[in-house]
Amino acid sequence: MHSSWLNRLFFSLTLVASSVLAPLVPAHAATTYTVQAGGSDETGGIEVTAFMPDVVQIQPGDTVTWNIVGFHNVQFLAGQPRPALVIPDPDNPSQLILNPEIAFPVGGNVFDGSSMVNSGIPMEEGSGPPQPVPYSLTFPKAGTYAYICAVHPEMAGVVLVRDEQPPMTPDQVASAIPGLQKDYVGSVQAKEAAMSNIPTTTIMAGVKGTKAESLHFTPNRVTINVGDTLTWTVDTQDPHTVTFLSGGPPVEFFLPEPQASGPPKLVLNPMAIRPAGGSTYNGTGYTNSGFLSAYPTAPGAPPPNTYSLTFTRPGTYSYYCIIHGPIMSGTVVVTGTAGAAAAPAAPSAQMPAAQMPTGK
181 MHSSWLNRLF
191 FSLTLVASSV
201 LAPLVPAHAA
211 TTYTVQAGGS
221 DETGGIEVTA
231 FMPDVVQIQP
241 GDTVTWNIVG
251 FHNVQFLAGQ
261 PRPALVIPDP
271 DNPSQLILNP
281 EIAFPVGGNV
291 FDGSSMVNSG
301 IPMEEGSGPP
311 QPVPYSLTFP
321 KAGTYAYICA
331 VHPEMAGVVL
341 VRDEQPPMTP
351 DQVASAIPGL
361 QKDYVGSVQA
371 KEAAMSNIPT
381 TTIMAGVKGT
391 KAESLHFTPN
401 RVTINVGDTL
411 TWTVDTQDPH
421 TVTFLSGGPP
431 VEFFLPEPQA
441 SGPPKLVLNP
451 MAIRPAGGST
461 YNGTGYTNSG
471 FLSAYPTAPG
481 APPPNTYSLT
491 FTRPGTYSYY
501 CIIHGPIMSG
511 TVVVTGTAGA
521 AAAPAAPSAQ
531 MPAAQMPTGK
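Going by the working numbering, 482 is the number at position 302 of the sequence shown; the sequence numbering is gapless.
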């Protein structure tokens with residue numbers, strides 16, 4: 181009798197202790213998973229527009245670190261509408277600015293789905309491939325959390341936070357990244373190679389592959405005749421410009437305006453985003469397509485995705501994209517002979533050169 185009573189007491193105390201202490205003992209050791217946001221080839225001339233991998237499963241308490249490579253952000257909207265990348269300046273509506281809710285960090289380093297968080301966009305300077313910039317979030321609650329790169333309309337990912345053991349370890353997730361990047365970059369290289377050997381008067385401003393796109397004009401060099409018209413087309417997620425400097429200085433895309441407090445405003449240079457120079461080119465003057473995009477820039481408007489220019493004087497003319505700089509440049513050779521087919525060459529990344537008219 182006495183033994184039975186003691187057994188019941190011990191059993192009751194065990195249940196109480198278990199219920200009190202269980203929440204204090206984690207189900208697993210907190211772990212960090214690595215995802216890559218964007219990427220590039222070895223030259224920086226092809227950019228990956230994907231999260232690698234785009235779906236990752238973790239457990240509550242785990243952390244995800246994104247290595248952001250290039251002009252991307254990691255943004256969890258938490259039910260809010262997708263922000264516009266470019267907005268009118270609230271203090272001066274006549275000018276456009278990069279949306280600060282995208283450009284600069286918002287929120288802390290823990291995400292539970294209740295409010296928006298954003299990594300901001302790394303503002304890198306210099307040439308060559310971009311270097312990774314880390315951004316980390318810890319996920320305390322189970323759930324399905326979708327996120328985006330607000331710069332690239334088709335770039336999205338999901339973090340699955342589940343109580344059960346994830347199907348892949350952090351090492352397995354990390355080891356998948358190089359293969360994904362190689363496949364995505366390869367899809368663009370193959371497409372460019374096929375396009376670069378076809379005579380044409382249509383030039384692609386960027387070439388879109390599978391979750392990657394180039395920062396090349398393809399074909400990169402064309403030969404045409406006086407009076408011929410070239411048409412540039414954009415179908416990539418990135419916008420571009422087609423800009424002939426005619427020996428003038430390069431044009432900045434952003435014009436930073438310092439503020440009394442906080443980060444600067446990033447004003448879009450009107451000289452970069454607005455067309456200039458008309459529909460013909462004779463090798464002189466500043467001639468610019470303005471902002472070219474595969475996506476509408478205003479509700480109900482068609483996307484400004486093509487630009488045509490007629491060449492009226494023989495010469496060798498270099499041009500580039502203001503947004504992406506010298507890595508995205510091309511050459512037009514205009515001859516004085518009528519009727520010859522255009523002769524393209526393979527893409528290359530060169531500095532914009534001085535324009536060189538060769539005749540009248």
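We put the beta carbon where it would ideally sit given N, CA and C, even for glycine.
Model, not experiment: these values are computed from the prediction.
| Check | Outcome |
| --- | --- |
| Excluding the 5 residues flanking glycine 287 on each side, which residues of the same chain have their C-beta closer than 6 Å to its C-beta? | Val297 |
| Answer yes if the region 223-241 comes into contact with the region 328-337, meaning at least three C-beta pairs across the two stretches below 8 Å, and no otherwise. | yes |
| Measure the CB-CB distance between valine 254 and alanine 217 and report whether it falls below 7 Å. | yes |
| Leaving out five residues before and five after glycine 389 in sequence, what residues of the same chain have Cβ atoms less than 6 Å from its Cβ? | Ser367, Val368 and Lys371 |
| What is the DSSP secondary structure of tyrosine 466, counted as helix, strand or coil? | coil |
| Just verifying my parser: in three-state terms, what is the DSSP assignment at glutamine 216? | strand |
| Kindly list the residues whose CB is nearer than 7 Å to the CB of proline 479, restricted to its own chain and excluding five residues on each side of it in sequence; keep chain order. | none |
| Suppose contacts are defined by Cβ-Cβ distances below 7 Å. Is phenylalanine 284 in contact with proline 444 by that definition? | no |
| Whose C-beta lies closer than 7 Å to the C-beta of aspartate 418 among residues of the same chain, with five residues either side of it excluded? | Gly386 and Glu393 |
| According to DSSP, aspartate 269 sits in a beta bridge with which residue or residues? | Asn272 |
| For the region 235-255 and the region 311-319, state whether three or more C-beta atom pairs, one from each stretch, are separated by less than 8 Å. | yes |
| Tell me, please, whether the region 478-496 touches the region 408-417 by the rule of three or more beta-carbon pairs shorter than 8 Å. | yes |
| Have a look at glycine 539 and isoleucine 507 and give me their C-alpha separation to the nearest angstrom. | Residue confidence for glycine 539 is low, a pLDDT of 41 falling below 50, so the modelled location carries little weight and cannot support an answer. |
| Please list, in chain order, all residues of the same chain as glycine 224 whose beta carbon is under 7 Å from its beta carbon, the five residues on each side excluded. | Gly308, Pro309, Pro310 and Ile507 |
| Which residues bound the beta strand (DSSP E) around lysine 371? | Where lysine 371 is concerned, there is no enclosing beta strand (DSSP E), although the alpha helix (DSSP H) it sits in stretches over 350-375. |
| Please report the distance separating the alpha-carbon of glycine 427 from that of threonine 467. | 11 Å |
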